[in-house]
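Only one structure is covered here, and it is reproduced in the block below.
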Amino acid sequence: MILPAIGLIAGIVIALFTPLRFPTEYSQYIAIGILAALDCVFGGIRAGLQNTFDKNVFISGFLVNTALAATLTVVGDKLGVDLVLGATVAFSIRIFTNVGIIRRYILDKWFKNACK
Amino acid sequence: MKKARVFELYVAGVCVILGILLVGQVRTQEYIGQSQIPSRRLEDLSDMLRRSEAERMILEKEVETLRKQLSKVVEGEKAAEAAQAELIKAKMAAGLTTVEGTGVIVTLNDSKRQAGPSESHGLFLVHDNDILQVINELFAAGAEAVSVNGQRIIAVSEIRCSGPVISVNNVRIGPPYEIYAIGEPGALDSALHMRDGILDTLRAWGIEAKVIKSTSIQIPAYKGGLYFEYANPVLEGVQK
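Same order as they appear, the protein sequences are chains A and B.
Taking my numbering, the leading residue of the first sequence gets 51, the next gets one more, and so forth.
Taking my numbering, the leading residue of the second sequence gets 11, the next gets one more, and so forth.
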């Protein structure tokens, strides 16, 4: 569980030391990208903990989900419908579900260890 | 445990991206927060913008007209300076400014000689005609400004007999008559003293005539009003 945390900190540090700023008009896309990444991270952790992790599924899931979210945002922009909300809701639900599973898994493990 | 490591590696990779995106997004949002306004106010602001744009259009037109005026003024400034100099000159010529300079003071006084029984009393007095002649002589000698008893002689000045006194500029004056003239003192003096000239003639009648050359005499401006009821200026070649 240490590596993802290190990765997150590394990413933050890298970004802090570079004058990175996205163009204002892409802010919505970045937001949905962050959600996709979060979803992917929790999904990955859940799969890892359940021993069902597959790197191909993980990477393709990350890329396709992000691309789909971005596409939805573009289409929503063109149609004047906030389709991005759909993606946001979907990602949020998945994140909650995954975090819920992870939580239960960790609790189980922790209680098992504590019982031993 | 090796499998667990592998998934952690991949998740860590995505986490790096996540971290970068997070920081970038936070920065972007901060930037937006600084530079943009809540969308609630957007309508108000766009309305204000429209209004100020319309205002700007009007002001732009005003600027244009004012620029044109300004360029005209700048063009006219030199002309105005010249006109100002011209105006001062014209006012001096018209006798509307007090002037000072070298010249002569001519004093004429009635004769002390008593008229004989067969002689006309009027022969021994200073007449309007005498003063006119003196002034005429002074102007002929290059006098630039002349006054009689403080009355500036201008283009419309009359010098006219008015009973026992003389009227100049509608002001009645009596003897002694002091005629001030600005010009070259020598020229003025010699013009008056010409043989058989005006002073000789006057003195023949016993009229006291005195000419004093002066290096500094002051001649006042014409004090009366100027009315032109019948004369209208005819402008020739208005302005180039």
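For each residue, glycine too, the CB sits at the ideal point set by N, CA and C.
Note that this is a predicted model, so its numbers are computed, not measured.
**Message:** Rounding to the nearest angstrom, what Cα-Cα distance links Thr211/B and Ala219/B in this structure?
**Reply:** 10 Å
**Asked** What are the boundary residues of the beta strand (DSSP E) that includes Gly105/B?
**Response** Taken as a continuous stretch (DSSP letters only), Gly105/B belongs to no beta strand (DSSP E), as it is neither H nor E.
**Request:** Would you tell me roughly how many angstroms separate the C-alpha atoms of Thr107/B and Tyr240/B, rounded to the nearest one?
**Result:** 24 Å
**Item:** Reference Val114/A; option with closest CA among Ile95/A, Asp89/A, Val131/A
**Value:** Asp89/A
**Item:** Assumed close pair Ile27/B, Gly61/A - CB separation to whole angstroms, cut-off 8 Å
**Value:** 6 Å
**Asked** How big is the Cα-Cα spacing for Thr75/B and Glu65/B?
**Response** 16 Å
**Asked** Thr121/A: buried (16+ other C-beta within 10 angstroms of its C-beta) or exposed?
**Response** exposed
**Prompt:** If you count every other CB in all the chains shown that lies within 10 Å of the CB of Gly152/B, and 16 or more means buried, which is it?
**Reply:** exposed
**For Ile80/A and Phe72/A, believed in contact at Cβ under 8 Å, the rounded distance** = 5 Å
**Asked** Is Leu52/B close to chain A, meaning its C-beta is less than 8 Å from at least one C-beta of that chain?
**Response** no
**Asked** Does any residue of chain B bring its CB to less than 8 Å from the CB of Arg153/A?
**Response** no
**Prompt:** By the criterion of Cβ-Cβ separation under 7 Å, what are the contact partners of Arg71/A in chain B?
**Reply:** Gly34, Arg37, Thr38, Tyr41
**Request:** Return the first residue and the last residue of the alpha helix (DSSP H) that Tyr155/A is part of.
**Result:** 133 to 165
**Request:** Locate the alpha helix (DSSP H) running through Tyr190/B, then write down its first and last residues.
**Result:** Counting along the chain, Tyr190/B falls outside any alpha helix (DSSP H), though it belongs to the beta strand (DSSP E) covering 187 to 192.
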